[in-house]
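Asks: Quick note: the sequence shown uses UniProt numbering, first residue 1, plus one each step.
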Amino acid sequence: MSRKTAKNPNKPTPEKTANNDDSFLDQTLRPTRWDEYIGQKHIKDNVKILLRAAEGRGHIPEHILFYGPPGLGKTTLAHLIAKETGKQMKITSGPAIEKVGDLASILTNLSPGDILFIDEIHRLNKMVEEILYPAMESSVLDIIIGKGPSARTIQLDLPPFTLIAATTRVALVSSPLRSRFSGGVFRLEFYSNEEIAKIIERSSKLLKIELEKEALEEIAKRSRFTPRTANYFLKRCRDFAQVSKKKLDKKTVQEALNMLAVDEIGLNSSDRKFLEILIEKFGGGPVGLKTIGAAMSEEEATVEEVIEPYLIQLGLLERSPRGRIATRKAYEHLGFEVPGKLQNRLL
Numbered sequence: 001m002s003r004k005t006a007k008n009p010n011k012p013t014p015e016k017t018a019n020n021d022d023s024f025l026d027q028t029l030r031p032t033r034w035d036e037y038i039g040q041k042h043i044k045d046n047v048k049i050l051l052r053a054a055e056g057r058g059h060i061p062e063h064i065l066f067y068g069p070p071g072l073g074k075t076t077l078a079h080l081i082a083k084e085t086g087k088q089m090k091i092t093s094g095p096a097i098e099k100v101g102d103l104a105s106i107l108t109n110l111s112p113g114d115i116l117f118i119d120e121i122h123r124l125n126k127m128v129e130e131i132l133y134p135a136m137e138s139s140v141l142d143i144i145i146g147k148g149p150s151a152r153t154i155q156l157d158l159p160p161f162t163l164i165a166a167t168t169r170v171a172l173v174s175s176p177l178r179s180r181f182s183g184g185v186f187r188l189e190f191y192s193n194e195e196i197a198k199i200i201e202r203s204s205k206l207l208k209i210e211l212e213k214e215a216l217e218e219i220a221k222r223s224r225f226t227p228r229t230a231n232y233f234l235k236r237c238r239d240f241a242q243v244s245k246k247k248l249d250k251k252t253v254q255e256a257l258n259m260l261a262v263d264e265i266g267l268n269s270s271d272r273k274f275l276e277i278l279i280e281k282f283g284g285g286p287v288g289l290k291t292i293g294a295a296m297s298e299e300e301a302t303v304e305e306v307i308e309p310y311l312i313q314l315g316l317l318e319r320s321p322r323g324r325i326a327t328r329k330a331y332e333h334l335g336f337e338v339p340g341k342l343q344n345r346l347l
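1. Looking only at its own chain, which residues have a Cβ that is under 7 Å from the Cβ of Leu80, when we skip the five neighbours before and after it?
2. Decide if the segment 295-312 is in contact with the segment 331-340; the criterion is three or more beta carbon pairs, one per stretch, under 8 Å apart.
3. DSSP beta-bridge partners for Gln155?
4. CA-CA distance, Glu49 and Glu195?
5. Where does Met259 land, buried or exposed, given buried means 16+ other C-beta within 10 angstroms?
6. Leu158 and Leu132: beta carbons closer than 8 Å?
7. Can you list, in chain order, the residues of its chain whose CB lies under 7 Å from that of residue 355, leaving out five sequence neighbours each side?
8. Do three or more CB pairs link the segment 59-73 to the segment 162-179 at distances below 8 Å?
9. Where does residue 352 fall in DSSP's three states?
10. Would you mind reading off the limits of the beta strand (DSSP E) that contains Leu311?
11. Given a cut-off of 8 Å, decide if Leu275 and Gly285 are closer than it, judged by their beta-carbon atoms.
12. With a 10 Å radius around its C-beta and 16 neighbouring C-beta atoms as the bar for buried, classify Gln40 as buried or exposed.
13. Is the Cβ-Cβ distance between Leu72 and Thr226 less than 8 Å?
14. When we look at the beta-carbon of Glu308 and count the other beta-carbons within 10 Å, is it buried (16 or more) or exposed?
15. Going by DSSP in three states, Ala241 sits in which element: helix, strand or coil?
16. Rounded to the nearest angstrom, what separates Ile325 and Val287 at their Cα positions?
17. Measure how close the beta-carbons of Lys90 and Leu124 come, nearest whole angstrom, since I'm counting them as under 8 Å.
18. Would the beta-carbon of Ser269 fall within 8 Å of that of Leu29?
19. Quick one: give me the first and last residue of the beta strand (DSSP E) that Leu278 is part of.
20. CA-CA distance, Thr327 and Glu300?
21. Where does Asp102 fall in DSSP's three states?
22. Using only the alpha-carbon positions, how far apart do Pro70 and Val306 sit?
23. Does Tyr37 come out as helix, strand or coil in the three-state DSSP assignment?
24. What number of angstroms, rounded off, separates the C-alpha of Tyr310 from the C-alpha of Glu137?
25. Let me know if Ala82 comes out buried or exposed under the rule of 16 or more other beta-carbons within 10 Å of its beta-carbon.
26. Straight-line CA distance for Val173 to Ala166?
27. Take Ala330 and list the residues in its own chain whose beta-carbon comes closer than 6 Å to its own, dropping the five residues that flank it on each side.
28. Gly101 and Ile118: beta carbons closer than 8 Å?
29. Using CA atoms only, rank isn't needed, just tell me which of Gly266, Ala104 and Ile60 is closest to His333.
30. Alpha carbon to alpha carbon, what distance is there between Lys246 and Ser182?
31. Buried or exposed: Ile43, going by 16 or more other Cβ atoms within 10 Å of its Cβ?
32. Pull the bridge partners of Ser93 from the DSSP assignment, please.
33. On the criterion of 16 or more Cβ atoms from any shown chain inside 10 Å, does Lys74 qualify as buried, or is it exposed?
34. Straight-line CA distance for Lys99 to Val185?
35. Quick one, are the C-beta atoms of Phe161 and Ile60 less than 8 Å apart?
36. Let me check understanding here. Comparing Cα to Cα, which of Phe240, Lys213 and Lys235 lies closest to Lys250?
Rendered as structure tokens:
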């Protein structure tokens, strides 16, 4: 009788190993001190004052909300605050807290002075959000037991804690919740190419990657002003250089990023497809969001929230009441002849 080889449950699969490696690298690249965190100077200065003032009074820091596009360092700031205060940080996310009991379990297990970090807080259930209000203001938890006439409210005292929240869509955070972040609501800005270059230089040293200056600058200018994207490109360029046994110079970086379909200003295949359809099929616009989404076979939310922001930031796209319009700069970048109506425009 044949015997099947028993699988070792502790042996990681290749997929799990790859994910663990990426997570480990992300943790390695995350700054651990304020002087290692590059950019966002106005936020750092304000948060430092907030922490020092709270420490001087012997209080815990007030609640803080960070918002902005993904990949700009909201989670990293939360980790830095935890390290600066020497407190333990519990991490969760809005979608993970489905019921009131989930939040109650998290809050009652906090120790005095702990930091609770909630990512994507705009996705919190409304009932859960209302339970959070008294917890933030008075460190109490109101729980209703029973239903109907026999229902009663129990108020549990919570240890003092600091809530740090992050969101990519601050408009979806309700006004009552937003107003309870007494420590401040801070918007993270996109980084300059110089700041991105410094981040890549630091990351390359941590990963022990020998990177020429021109190669570093090439990655920086294609990184969409976002540190997470810059670090991702750095790791993929390292992989390409390792497999192809090439020196990590400017030419190698260009080859690696061309394989990822990322051009010299950071546009990917979806960005270029958007502009090409807008110009070739619709004469540069104006064209409505639904129409261009259907032409791309993409959801409207994906077009509006993922593709368009970077194009608008680069001046390649305009939004008007009548629809989307390709700018002169978009025609020139893709190599199309600029129509007469745009010849005298600045863009």
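We treat Cβ as the ideally placed atom computed from N, Cα and C, and that holds for glycine.
Replies: According to the structure shown:
1. Pro31, Trp34 and Tyr37
2. no
3. Asp142
4. Position check: residue 49 holds Ile in this sequence, whereas Glu was assumed. For Ile49 and Glu195, the distance between alpha carbons rounds to 23 Å.
5. exposed
6. no
7. As displayed, the chain neither begins before 1 nor continues past 347, which places residue 355 out of reach and without an answer.
8. yes
9. Nothing in the structure corresponds to residue 352, since the chain is present only between 1 and 347.
10. Where Leu311 is concerned, there is no enclosing beta strand (DSSP E), although the alpha helix (DSSP H) it sits in stretches over Glu308 to Gln313.
11. no
12. buried
13. yes
14. buried
15. helix
16. 7 Å
17. Between Leu124 and Lys90 the Cβ distance is about 16 Å, and since that is not below 8 Å, they are no contact.
18. no
19. First-last for Leu278: Ser269 to Glu280, but that is the alpha helix (DSSP H), not the beta strand (DSSP E).
20. 21 Å
21. helix
22. 10 Å
23. coil
24. 38 Å
25. buried
26. 10 Å
27. Leu275 and Leu316
28. no
29. Gly266
30. 52 Å
31. buried
32. Asp119
33. buried
34. 26 Å
35. yes
36. Lys213
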